[in-house]
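This report refers to the structure that appears directly beneath it.
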Amino acid sequence: MTGRFQPVHAQHLELFEIALRDADHLVIAVTNPDTGTRHEEPTSAHRHLPGANPFTFFERTQLLAAAVTDRGWAARTTVVPFDLTRPRCWPEYVPLHANQLVRAYGGWEHDKAARLARAGYPVTVLDGDPATRISATDIRARLDGNGWEDLVPASVVPPLAELLLARSSAGSGRRT
């Protein structure tokens, strides 16, 4: 499963669970793993912006590890970087036989699913209901204050709070 996980939330975990029902192992492919991999996309106006990518790859792996460990999936999960701008390198991180699970809410997700299919991956697209979508944008908007804790899995709250506190204490604010 590919995604930015900025931060990981309950609907990500739902997809992980669906994937693990049908597979022995889940590869969580983290897109926009570094600032050099961010590029404007016609079907997603914000995904390349600094504010939409406040966490480093390393920080996201920590949050993902907390979530999958809490669910008992750690031994069945591998987290890798996945630069969507370099399809020729994708098989180095995710085997071509790995089924890609994509929940589609709009143009961006359908575009991503098509790119993965063109690269040779089997792709399963699940239609998402925009009315029930959890928005990581909404979560990020609350990270400077209170009220975000109910928007992420309980297991993610402690490491995310620690990360935010460390940034606040350092006076660095959000990473860009």
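Heads up: the sequence shown begins at 692 in this note's numbering, then just goes up one per residue. Heads up, the beta-carbon is just placed ideally off N, CA and C, and yes, glycines get one too.
With a beta-carbon spacing of about 28 Å, V816 and A757 fall beyond the 8 Å limit used to define contacts. Minimum Cα-Cα distance from A710 among the listed residues P745, P772, N790 and N744 corresponds to N790. Residues T722 of the same chain have their beta carbon placed closer than 6 Å to that of L775, with the five preceding and five following residues left out of the count.
Rounded to whole angstroms, the gap between the alpha carbons of R762 and A720 is 18 Å. Between H716 and the set T728, P778, V785 and T747, the nearest pair of CA atoms involves V785.
Under the 10 Å beta carbon count, P724 is surrounded by 16 or more other beta carbons and is classified as buried. Look at the beta carbons and you see the stretch 694 to 701 touching the stretch 838 to 852: at least three pairs across the two are nearer than 8 Å. Setting aside the 5 residues that flank it on each side, G811 is surrounded in the same chain by L787, each with a C-beta closer than 7 Å to its C-beta; the list follows chain order. Taking C-alpha positions only, S826 is separated from W799 by approximately 14 Å. In the DSSP assignment, R794 forms a beta bridge with L817. Here P786 carries a coil assignment [DSSP, helix/strand/coil]. Beta-bridge partners assigned by DSSP to G694: V721.
Looking only at H801, R767 and R779, the smallest Cα-Cα distance to D818 is reached by H801.
Between Y796 and R777, the C-beta gap is not smaller than 7 Å, which leaves the two residues out of contact.
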